[in-house]
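If you read the sequences in order, they're chains L and Y.
Read in order, the letters of the first sequence correspond to residues 589 to 796 in the numbering used here.
Read in order, the letters of the second sequence correspond to residues 589 to 796 in the numbering used here.
Where is the CB? At the ideal position from N, CA and C, for every residue including glycine.
Given the structure is predicted, the values throughout are model-derived calculations rather than measurements.
As structure tokens, the structure follows; a few thoughts come after it.
2 protein chains.
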Amino acid sequence: MNAPVHRRDRPRLRSAERRHQIMEVTARLIAERGFWGLSLQDVADGCGLTVPGVLHHVGSKDGLLIAVLEYRDREDARSLRSGLGVGREQVPDEWSQGGPEGVDLRSLCTVTMRRNAQQPEIVRLFTVLAAESLAPNHPAHDYFAGRQARVVSSFAALAGELTDRPERLAAHIVALMDGLQLQWLRAPESTDLVREWEAVAATLFDRR
Amino acid sequence: MNAPVHRRDRPRLRSAERRHQIMEVTARLIAERGFWGLSLQDVADGCGLTVPGVLHHVGSKDGLLIAVLEYRDREDARSLRSGLGVGREQVPDEWSQGGPEGVDLRSLCTVTMRRNAQQPEIVRLFTVLAAESLAPNHPAHDYFAGRQARVVSSFAALAGELTDRPERLAAHIVALMDGLQLQWLRAPESTDLVREWEAVAATLFDRR
DNA sequence: GTCTATAGGACGATAGAC
DNA sequence: GTCTATCGTCCTATAGAC
């Protein structure tokens, strides 16, 4: 009479897929409202789950944030690897560290900006979190401090031949990229991110 | 037996002073947690009031935010006027608009950065809100869109003689200032905001 | 793996006394 | 101008059934 007891042959969504979905939904919501403004209820609704359903996968709200950041880092590393040229095997494992031999700084930046121009939601996620996480008690504070240091030092490693103060040039480049992205996010219609970057890169790289 | 009925000869704080206090406390709290993370309870505690006490002065949480922004604009206009030189009467009424005759862009920026270097809390307030307010439904969204446009166009007005694309140079300068400030806020100990600005200004202004 | 139920607060805002 | 009291809503998190 009743439905069979073992009605559920398999999970409605495989666990990895569900995590994937939660990360995507959360990234979009944090980009819109920041982490302080994020609610687990909204995440759950966006996934067709209840709040405890979400918490089952990520443990806590803080856990959700760091899961999203790690997820994004993996995605970005993957997409940058392919962006620097399919089949090119000398490409660094990660954007933010190690082995950048054979890649010059200017084209690395250009590739990065080109990719970012096509994913405004992701750029906004990081822009909002970078500002919010200035607070020492923000759950992503250490993450962004470390990220900033890694990016600058890997840029500096590539800037060695261009100037006698590579880490300074690196910091200026990162500052410029961040600032341009902020302007672009505020007025996407009237701002061409890649064009602006290339314009400013010309004056920044040509004479040192 | 009881305390006299008309115990309160005058308000414990004059209304203008109380507003002033609320603005200062709120500015500090928003810099720490953003607007979405701000709670009226914290504002009230910081002022020695209750929540309805705060709401009496500002009406609503949104009203509090715009009151703070207007308050800060007034303060900034005042401090910049004095920063550009006491007794100098040709100085523009506001940083962000009109009559900039007699002031050159580079020194205007340098004065601004010098002042900002001495008020990290204020810089952080605007940095956090600028990112948060990218969301179209954020109560300060229009304010920051307008502010950005005003600053860029007033910079562009001063950049006319330096380049054939003044509004582009202006946007790049603003981007650079924003980005440098973000880095400085993240690592105030190891970053000299004014020095970094001057270093980059040299390469940005010298050849066009 | 997902649910219901619920604990236990914090939130913004209003009404009305003083 | 500031309070107490209160409303209704939202929040994160846990316990336990299925």
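Asked: Helix, strand or coil at Val699 (chain Y) according to DSSP, with G and I counted as helix; Found: helix
Asked: Inter-residue Cα distance where the pair is His608 (chain L) and Ala745 (chain L); Found: 34 Å
Asked: Cβ-based contacts, 7 Å cut-off: residues of the stretch 612 to 635 of chain L near chain Y; Found: Glu620, Arg621, Gly622, Trp624 and Gly625
Asked: Nearest neighbour of His731 (chain L), chosen from L:Asp661, L:Gly636 and L:Thr751 [CA to CA]; Found: Here residue 731 (chain L) turns out to be Tyr, not His, going by the sequence shown. Comparing Cα positions, the closest option is L:Asp661.
Asked: Cβ neighbours of Pro776 (chain L) in the same chain (closer than 8 Å, five flanking residues each side left out); Found: Pro708
Asked: Contacting positions in the stretch 702 to 720 of chain L - beta carbon closer than 8 Å to chain Y; Found: Arg712, Thr715, Val716, Ala718, Ala719 and Glu720
Asked: Interface residues of chain L facing Val762 (chain Y) [CB-CB closer than 8 Å]; Found: Gly767 and Gln771
Asked: 8 Å Cβ cutoff, Val788 (chain L) in contact with chain Y; Found: yes
Asked: Where Ala733 (chain Y) meets chain L, residues with beta-carbon distance less than 9 Å; Found: Arg774 and Ala775
Asked: Segment limits, alpha helix (DSSP H) that includes Asp630 (chain L); Found: Leu628 to Cys635
Asked: Residue burial classification, Asn725 (chain L) (beta-carbon count within 10 angstroms, cutoff 16); Found: exposed
Asked: Pro727 (chain Y): first and last residue of the uninterrupted alpha helix (DSSP H) it sits in; Found: That residue, Pro727 (chain Y), is in no alpha helix (DSSP H); it is neither H nor E in DSSP.
Asked: Inter-stretch contact (C-beta, 8 Å, three-pair minimum) for the stretch 715 to 724 of chain Y and the stretch 622 to 631 of chain Y; Found: yes
Asked: Leu628 (chain Y) and Leu643 (chain Y) closer than 8 Å at C-beta; Found: yes
Asked: Arg607 (chain Y) at chain L interface by Cβ criterion, 8 Å; Found: no
Asked: Pick from Y:Ile761, Y:Arg666 and Y:Asp650 that is closest to Phe743 (chain Y), judged by C-alpha positions; Found: Y:Ile761
Asked: Assumed close pair Val711 (chain Y), Leu773 (chain Y) - CB separation to whole angstroms, cut-off 8 Å; Found: 6 Å
Asked: Arg756 (chain L) versus Phe793 (chain L) - alpha carbon distance; Found: 13 Å
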